[in-house]
Structure formats: structure tokens, C-alpha cells
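Trainee: Have a look at this one.
Below is the structure:
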């Protein structure tokens, strides 16, 4: 009666009793019963497995990261080493003890759970506005990628039928080829974050294209699943599945999205969302995944769509990422990658793959790269960047591994096919980062291909200005400048206010969007409410032709310039207005000289994705109402010496000149030597100045005065500039000029503030006591 036998790796009793009871946890190594194996306890064995996995993967990554390889490569290699390919083949007894076959079910459950939340987090991290911002280039490339996927998949099936002599066609061929041809948004996002170029223009282009491609593929895949339901079950079942799936999407984007905004409104500004709300959202994520699976929809798509419904940025999205990203990216996803390597048995390769798979693994990626490279070049992208762009969209990673694992569980992939899939992902995850790093210079993060400046903006488009402020005085001075920028129906203004606050203590850096309707705590209001009040006052004075959004950036001073550049890049800003680091009182006495702000301005000038203007304000503004108490005639002077920055200042002056109460004076410096004067000929500047003097249709009936100042050298230029400020309310000028121009000869040698240029430096000196404001402009730097 006491005899026991082994069946399916589990112990039974012949006396009719149930399964042998083995607790999931151990009583400890000192309390083991005779013959008891401590690793038979499931929880303890899982701890040992995780410890071995993460120690080995970290050790491998310690060496591979020197070559710029992602951690995914180390995790897959760890699984291959611990699986039947190495440990199970050479040390089978040790493998049987530490990694018995029945433990795979636990790992698979953990990886599936983590994969669901990974897809949710990728939706949270993604900005849905990328679709709205996508232009023809992104749409065309995404559509071409879809046609390429269909074409390559059909060719692979044709090869499988006629060259591999498979009739009917192996369904695995179509699935494997289609997976390789897709551009997965989560994989592209992770790849760009690994390369640290996700905030670059190339990164945004890749994200937008991958997102559109992913959404199109999502539609195609689900329509294919619905068609299979109709063919294999019934037309009624297919229609029912479509109806339930659409109902789930509508439920997410109506009921659940309103619930998310309700959470935001109940969260004070600058604070994290309560843990209880995070738990509810986690429950809803699992709920929509279960409903999607039962409705006939891919269960991973529902969490992704739910993540898309979460409003981007703080407080909700940032809190979700902060709470969930560590455990998902640090535990579950590495475990999935290791599990895929563990399930890969390299000894299963008994023969060469069929011709269809060989085609999909070799010529298929080349066709995909051409489908991206050729349209990108056609859209005037540089050849080197187009090649990098095509490689980024060819990146493979955790999403493809998840797709293969899911289909392995459904018994549609055998062991040999799964091993081929994992090895292909491993090879591509190794090669693509190495090639991209050799092609792309990640130090050039923000300068890109699109011109974001005033000069190249259409005159009837809205002028998008980012106003950076540290205190209320900065906002008041900038708004006074924008007041004379002539917002009209034909030329509206879009103002983005950014309050910059140094990070205190161990707080988390964040950017707060004050348009989400959050509650404000009293301590927070004291800091940024005066800034918000200034911008709201300006909006109230121009309710029709001005759009205003206000943000607060709280970050360490050393990286605060990244917040400015990121907001400027994300909002397609044409001009960034920075406050000068020096402040004067009503008597003209210097009262503040912050070197930290000076360093911040210099960093923005070097990395800015748009034009930058440093506003030197000597006027004394008391309260928002004083902004609109400007004189009936506002006198603006434009100092023109030559160069791109002066042209940008001239473009801004043209917008101001449309204002009826602005009197614009264009002061052009020319050399007394007529021979040296020939370098002005045949330039765009000559055409503009000719139009200014004639007062033709360029400016309509604008009040514009043109005059020339004849100078011999920098000394003459300095004398004229010292007398300019007293006659005007605002002076516009460019930051950089020709280094070999006699007009500025000698000024650069005595320049104390290079961030202002030689001319701007004169206006910031203690010798000038003018009350005029000065805007020193640098045009956007476009990389050649």
C-alpha cells in the first residue's frame, strides 16, 4: 500500500490519496527531513533560478555593453547557456535539479503577465499626438512598409509551395516572414532609448513611422483573425467577434479615458498619483486583456490601446512609468528574453531551413530596408540618415520574441522553428545597433532637417514662441515683447510658457502641464501661479488670435537645458526667448548676475532645435496690467550688419512692423570703402531692404524707416551703438556676424559675454544705461 510510482514527473500514492503535498516554500536548510530535496519547493527553486539568471546575464552584459549591444542580447545568451543547448547538454543532472521541465510553466506565466504590462506601458509612454504630427513622409513610408510586408510574405509562400514542395503551405512561413517585415513601435522606442536618440528629429521620425506601421499592421492582423473565425467557425461568429472588439475599443476610449482624467483632476499639481489608483489601473489592464482574448482580438492589443488612452506626461503617465517600469523592464522582460533562449535548443538544427525561411531571413530584410531608404531619400533626407532610418525600423526585440513565444504555446511552431526565430532575433539585435552607431552621431541630438525658425515660417502661419521664465519679471518682459509681435487672424501667436525651477532635494524631475485641470496645493501655487497669471492675462487681452499653454519644468540645473530643448522640439517652436542673466534696478544699477543662468543660456544656444533670442530687459514693469500701457508709438530698431542671425532678426521685425503703433527703423551698417561694399550684392538682404525703402506690398502701409550708417571699423560701430539705445524702446540684432568683417573688427577681442556676440555684448556693458530692451537672436543651426 505504501508503494509509490512516478507518472508525468509527479508522485502518486497507491492508497488512493491525492497528489503528494510539497509546500511551495521551505522550512529552511536546517529543518530538512531525511531524503528531502530543498529545490523541490517551487518558490525557493524560483528564487535560485532568478538569482542564477540575473547574475549570469549581468556578467555577460558587463562585457557586451562596451560594444554598445543592448541588454536583450545578454539575456538571450543567458537562456541559451542555461538551457538544453549548453547546460542541459553537457551537465544534464545539474540542469534537471535547477531547471526541471515543470518549472517552465511558472516562468511562462510570469513572462506572459509581464508582457501584458509591457505593452500597456509602451502605450503609456507613447504620445498619440505623433499621429497628428505625422506628415506625408511618415504616412507614405508606413504604407509602403505594409505593401512590402504583403509582397515579401507572398513571395515566401510561393517559394514554400514550389521550391520547398509544401502543399498546403506551411502557415509558419507566413507568420515568420510577416513578423520580420513589421516595424514594431515598442521595439523601435526601446532601441532609440538605448541609443539615446529618442528625442532627436530622426528619433521622432522613426517613432511616428513605426507607430503608423504598427497601427496599420494591427488592423490587418485583426482583420485576418476575424476572417479566419468566419472561415473556420461561422459568419455569425466573425461578425460577433468584430462587434465585441470594437465595443471594447470604444469602452476604453470613452469610459476608461474619462476615468483617467478624473484621477488627474483629483491629483494635486506636482504630486504623484495615489497608489490605490495605480492598483485599479493595473486591474483594468488585466481586465481588458482578458476581454480582448475572449472577443477574438489579440489579447496584447487591448492593454496597448488602454495605454494610449492615458494622457501623456505628469501626473498619471509619469507615475505609472515610475511605479511599473522598474519591475517590468527589470524583471519580467529580462525573464522573457531568457526564457526564449532557454527554450532554444541549438541541437535541433538537423538540416538547413527551407528555402522560404532562407529568403525571409536574407533578402526579406533587404527589401524592407529599401522600402524605407528609397522614400526617405525621395523626401530629401540625406543618404546617411536614410540608411540609419531604415536600420532603426529594421530593429527586432522583445515584441517579436513575445509573438513567437505566444505561438509556441498555441502549438503552431515546433522546436526547430522556434530556435530559428530566436537566433534570427539575436543576430539582428546584435548587428543593427553596431551599424547604427557607426552611421549616426548621437551627440547631434536636436539639430535636424526641418527648419524651425521665423525666417522660413510662412507669414500667415502661427508664430510658435517658447518663453522661459525663472520669475515673474522674466514673464512680464517677454510678454511685453510679444504684445508688439502683432497677433492677428492672418498671423496668430502660439505661446508656450515654461517656468524653470531647480530640483530640490531628492525629488523626481518632471514637467507639469498646467492645462490638465489638476488641483494645486498651496505651496505649489506660491511658486508658479504668478507666472501662470501673467500668461492668462495676456491670453485674456487677445482671446481670438493667441493660444497659450503653460508648463513647469523641475529638474537639476545641469540638465535644465534639456527640458527647454525638448519642449521646443516637441512643440515645433520657432523662437525660444531666454531671460538675460543680469538684472538692473530703476536707477540702472546691476542688482543680479547669475552665472548659473548664464551657463543655462549658453547650453541652449549650442543645442537648441530652433532659433533662440536672449532678452536683455532694463525696463521696470510693475504688474501684468503695465504690459499693455505701452506708448502710442512703440519704437523698434533693427541693427543689420549681415549674416543669418541678422536675417532672422529682420524676419521678426517684419512681423512687428505690421502692428500699426510700431515704428520700425532698419539701421544697416555699411563700409565707407566702396570696394568692400561689393560683398553685399545679389543677396536676399538687398531685395528686402529695397522693399523696405519703397514700402511696397512686403509690409503694406507699415511705418518703416531705413537708414545707412557708414563706418570704417569696429570703433565707429561701437560709437553708433552706444547712441542707439536712448532713441528706441526695443532693439533687435543678430548674435553672430562675419569674423572677417571690418564692421566688427576689434569688438570680438573685448567681448566679455560671447553668448551675446560682439554687438550684443555692448548693450550689456555697464557703460550703457539705456532703458531699451534688447533681443539678441541666433537663427536655428541646421546640420549640413
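Numbering (my numbering), first residue to last: 299 to 1082.
Positions of the beta carbon are idealized from the N, C-alpha and C atoms, including for glycine.
Report the partner residues of residue 795 according to the DSSP bridge assignment.
Mentor: Within the chain shown, numbered from 1, the residue matching residue 795 stands at position 497. DSSP output for residue 795 lists 765, 848 as bridge partner(s).
Trainee: Nearest-angstrom Cα distance between residue 981 and residue 446?
Mentor: The count along the chain shown starts at 1 and reaches residue 981 at position 683. The count along the chain shown starts at 1 and reaches residue 446 at position 148. Its pLDDT being 49, under 50, residue 981 is placed unreliably by the model, and the measurement read from it follows with that caveat. Each residue's alpha carbon lies about 46 Å from the other.
Trainee: Under a three-way DSSP split, which group does residue 596 fall into?
Mentor: By one-based count along the chain shown, residue 596 stands at place 298. Coil, per DSSP.
Trainee: Do you know how far the Cα of residue 684 is from the Cα of residue 1029?
Mentor: If you number the chain shown from 1, residue 1029 lands on position 731. If you number the chain shown from 1, residue 684 lands on position 386. Going from the Cα of residue 1029 to the Cα of residue 684 covers about 42 Å.
Trainee: Which same chain residues end up closer than 6 Å to residue 793 when comparing Cβ atoms and leaving out the 5 residues on each side of it in sequence?
Mentor: By 1-based counting over the chain shown, the position of residue 793 is 495. The answer, listed in chain order, is 763, 846.
Trainee: Tell me residue 348's beta-bridge partners as DSSP assigns them.
Mentor: Sequence index remark: in the chain shown, residue 348 carries index 50 (1-based). Note: residue 348 sits in no beta bridge, so no partner.
Trainee: Is the beta carbon of residue 463 closer than 8 Å to that of residue 471?
Mentor: Taking the chain shown and counting its residues from 1, one reaches residue 471 at position 173. Taking the chain shown and counting its residues from 1, one reaches residue 463 at position 165. Their beta carbons are not under 8 Å apart, which means residue 471 does not touch residue 463 by this criterion.
Trainee: Checking 8 Å against the spacing of the C-beta atoms, do residue 1075 and residue 943 come in under that value?
Mentor: Walking along the chain shown from the start, residue 1075 turns up at place 777. Walking along the chain shown from the start, residue 943 turns up at place 645. A contact, by the Cβ cut-off of 8 Å.
Trainee: Rank 773, 864, 930, 632 by C-alpha distance to the C-alpha of residue 901 and give the top, closest one.
Mentor: Residue numbering aside, residue 901 sits at position 603 when the chain shown is read from its first letter. Cα-wise, what sits closest to residue 901 is 864.
Trainee: Just checking my contact of residue 354 with residue 376 at CB under 8 Å: how many whole Å lie between their CB atoms?
Mentor: Looking up residue 354 in the chain shown gives position 56. Looking up residue 376 in the chain shown gives position 78. With a Cβ gap of about 5 Å, residue 354 and residue 376 count as contacting.
Trainee: Using a Cβ-Cβ cutoff of less than 7 Å, which residues in the same chain neighbour residue 751 once the five nearest sequence positions on both sides are dropped?
Mentor: Against the chain shown, residue 751 aligns to sequence position 453. Once the five neighbours on either side are set aside, the close Cβ partners of residue 751 are 872, 908, 909, 946, 1077, 1078.
Trainee: With a Cβ-Cβ cutoff of 8 Å, do residue 543 and residue 595 count as a contact?
Mentor: Locating residue 543 in the chain shown gives position 245, counting from the first residue. Locating residue 595 in the chain shown gives position 297, counting from the first residue. Contact: yes.
Trainee: Once the 5 residues before and after residue 1057 are set aside, which same chain residues still bring their CB inside 6 Å of it?
Mentor: Here residue 1057 is taken as the residue at index 759 of the chain shown, counted from 1. The residues are 1031.
Trainee: Mark residue 639 as exposed unless 16 or more other C-beta atoms lie within 10 angstroms of its C-beta, in which case mark it buried.
Mentor: Within the chain shown, the letter at position 341 stands for residue 639. So residue 639 ends up on the buried side.
Trainee: How about residue 454 and residue 658: do their beta carbons lie closer than 8 Å?
Mentor: Position 156 of the chain shown, counted from the start, is the residue given in the question as residue 454. Position 360 of the chain shown, counted from the start, is the residue given in the question as residue 658. In contact: residue 454 and residue 658 (Cβ atoms closer than 8 Å).
Trainee: When the distance is taken between beta carbons, is residue 529 closer than 8 Å to residue 669?
Mentor: As a working mapping, residue 669 is identified with position 371 in the chain shown. As a working mapping, residue 529 is identified with position 231 in the chain shown. Not in contact: residue 669 and residue 529 (Cβ atoms no closer than 8 Å).
Trainee: Tell me, please, which residues DSSP counts as bridged to residue 1032.
Mentor: Looking up residue 1032 in the chain shown gives position 734. DSSP output for residue 1032 lists 1075 as bridge partner(s).
Trainee: Could you check if residue 570 belongs to the surroundings of the ligand HEM, using beta carbon to heavy atom distance under 7 Å?
Mentor: No copy of the ligand HEM occurs in the structure displayed, which carries no ligand at all.
Trainee: Among 867, 533, 473, whose alpha-carbon lies nearest the alpha-carbon of residue 452?
Mentor: Locating residue 452 in the chain shown gives position 154, where the first residue counts as 1. Ranking the options by Cα distance to residue 452, first place goes to 473.
Trainee: Locate the alpha helix (DSSP H) running through residue 944, then write down its first and last residues.
Mentor: Residue numbering aside, residue 944 sits at position 646 when the chain shown is read from its first letter. That run of the alpha helix (DSSP H) goes 942 to 955.
Trainee: Considering only DSSP beta bridges, list what residue 882 is partnered with.
Mentor: Here residue 882 corresponds to residue number 584 of the chain shown, with the count starting at 1. Per DSSP, 888.
Trainee: I'd like the span of the beta strand (DSSP E) that includes residue 695, first residue to last.
Mentor: Residue mapping note: residue 695 aligns to position 397 of the chain shown, counting from 1. Element bounds for residue 695: n/a, residue is neither H nor E.
Trainee: Pull up the distance between the alpha-carbon of residue 803 and that of residue 587, whole angstroms please.
Mentor: The residue labelled residue 803 in the question sits at position 505 within the chain shown. The residue labelled residue 587 in the question sits at position 289 within the chain shown. Reliability of the predicted coordinates at residue 803 is poor, the pLDDT of 45 falling under 50, and no value is obtained from them.
Trainee: Counting only the same chain and skipping the five closest in sequence on each side, list residues whose C-beta sits under 8 Å from that of residue 436.
Mentor: Against the chain shown, residue 436 aligns to sequence position 138. Closer than 8 Å at Cβ, skipping near neighbours: 503, 506, 507, 510.
Trainee: Between which two residues does the alpha helix (DSSP H) harbouring residue 737 extend?
Mentor: For the purposes of this step, residue 737 is taken as the residue at position 439 of the chain shown. Segment 713 to 737, the alpha helix (DSSP H) holding residue 737.
Trainee: Using DSSP with H/G/I as helix, E/B as strand and the rest coil, what is residue 433?
Mentor: Translated into the one-based positions of the chain shown, residue 433 becomes position 135. In this structure, residue 433 counts as coil in the three-state DSSP scheme.
Trainee: Which of the three DSSP states is assigned to residue 773 in this structure?
Mentor: Taking the first residue of the chain shown as 1, we reach residue 773 at position 475. Note: residue 773 maps to helix in three-state DSSP.
Trainee: Which residue spans inside the segment 379 to 448 form an unbroken alpha helix (DSSP H) run of at least 4?
Mentor: With a minimum length of 4 residues, the continuous alpha helix (DSSP H) runs that stay inside the segment 379 to 448 are 385 to 388, 390 to 396, 402 to 423, 427 to 431.
Trainee: Using three-state DSSP, classify residue 910 as helix, strand or coil.
Mentor: Taking the chain shown and counting its residues from 1, the one referred to as residue 910 is at position 612. Strand, per DSSP.
Trainee: By alpha-carbon positions, which one of 772, 628, 440, 1063 ends up nearest to residue 671?
Mentor: For this step, residue 671 is matched to residue 373 along the chain shown. Selected option, being the one with the closest Cα: 440.
Trainee: For the segment 393 to 412 and the segment 607 to 622, state whether three or more C-beta atom pairs, one from each stretch, are separated by less than 8 Å.
Mentor: The segment 393 to 412, when compared against the segment 607 to 622, does not touch it at the 8 Å Cβ threshold.
Trainee: Can you give the beta carbon distance from residue 852 to residue 1061, rounded, assuming they're within the 8 Å contact cut?
Mentor: Mapped onto the chain shown, residue 852 falls at position 554. Mapped onto the chain shown, residue 1061 falls at position 763. Going by Cβ atoms, the distance from residue 852 to residue 1061 rounds to 32 Å, so no, they are not a contact pair.
Trainee: Compare the Cα-Cα distances from residue 932 to each of 797, 895, 832, 780 and report the closest residue.
Mentor: Numbered from its first residue, the chain shown carries residue 932 at position 634. Closest by alpha carbon: 780.
Trainee: Please report the straight-line C-alpha distance between residue 632 and residue 953, rounded to a whole angstrom.
Mentor: By 1-based counting over the chain shown, the position of residue 632 is 334. By 1-based counting over the chain shown, the position of residue 953 is 655. The straight-line gap from Cα to Cα measures roughly 55 Å.
Trainee: Excluding the five sequence neighbours on either side, which residues of its own chain have a C-beta within less than 7 Å of the C-beta of residue 486, listed in chain order?
Mentor: As a working note, residue 486 is residue 188 in the chain shown. Answer for residue 486: 504, 505, 508, 690, 691, 693, listed in chain order.
Trainee: Determine whether the beta carbon atoms of residue 408 and residue 635 lie at a separation below 8 Å.
Mentor: As a working mapping, residue 408 is identified with position 110 in the chain shown. As a working mapping, residue 635 is identified with position 337 in the chain shown. No, they are not a contact pair.
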